[in-house]
Amino acid sequence: MIFKTALAAALLLATTTAYAAEPIEGNWKTASGETAEIASCGSSFCVTLKTGKYAGKKIGKLAGTGGSYSGEITDPKDDKTYSGSGKVSGNSLKMKGCVLMILCKSQTWTRL
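Counting in the numbering used here, the sequence shown runs from 162 upward without gaps.
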């Protein structure tokens, strides 16, 4: 009986863990090779470049949970801001920025 109870508890824990939210916070290697830090800032997550020509520049603010986030992303090269989104899957973050929701560019970042 104790074995069955322990097995049931382990299965419940495994099921709960499988549905846990994918955290966006942390350091990410961008498609251009720089490091971006995503950290909590109020009720959102701020994206700040840590390395490269634009180190220290805040390039985005996203909100969301469960691995899906949306907000604004700024291209530091031309300083233009776009509607953006991010989807975390394990150690990958697929970032997408759009103009008028039809002209979009995507890139995948890797967790460091």
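All C-beta atoms, glycine included, are put in the ideal place defined by N, C-alpha and C.
Could you compute how far the alpha carbon of Gly213 sits from the alpha carbon of Ser193? Here the C-alpha atom of Gly213 lies approximately 9 Å from the C-alpha atom of Ser193.
Taking Gly247 and Leu254 to be in contact with their CB atoms under 8 Å, please state how far apart those CB atoms are, rounded to whole angstroms. The distance from the Cβ of Gly247 to that of Leu254 is about 6 Å, consistent with a contact at the 8 Å cut-off.
Ile220, enclosing beta strand (DSSP E) - first and last residue: From DSSP, the beta strand (DSSP E) with Ile220 extends over Lys219 to Thr226.
Can you tell me whether Thr212 is helix, strand or coil according to DSSP? Reduced to three states, the DSSP call for Thr212 is coil.
So what does DSSP say about Lys165, is it helix, strand or coil? With a pLDDT of 38 at Lys165, under the threshold of 50, the predicted position of this residue should be treated as unreliable, though the coordinate-derived value follows. Helix, per DSSP.
Alpha carbon to alpha carbon, how far is Glu195 from Leu261? So the two alpha carbons sit approximately 27 Å from each other.
What did DSSP end up calling Cys259 once you bin it into helix, strand or coil? Correct three-state label for Cys259: strand.
Measure from the alpha carbon of Asn188 to the alpha carbon of each residue in Val208, Met256 and Tyr215, then state which is nearest. Ranked by Cα distance from Asn188, the first of Val208, Met256 and Tyr215 is Val208.
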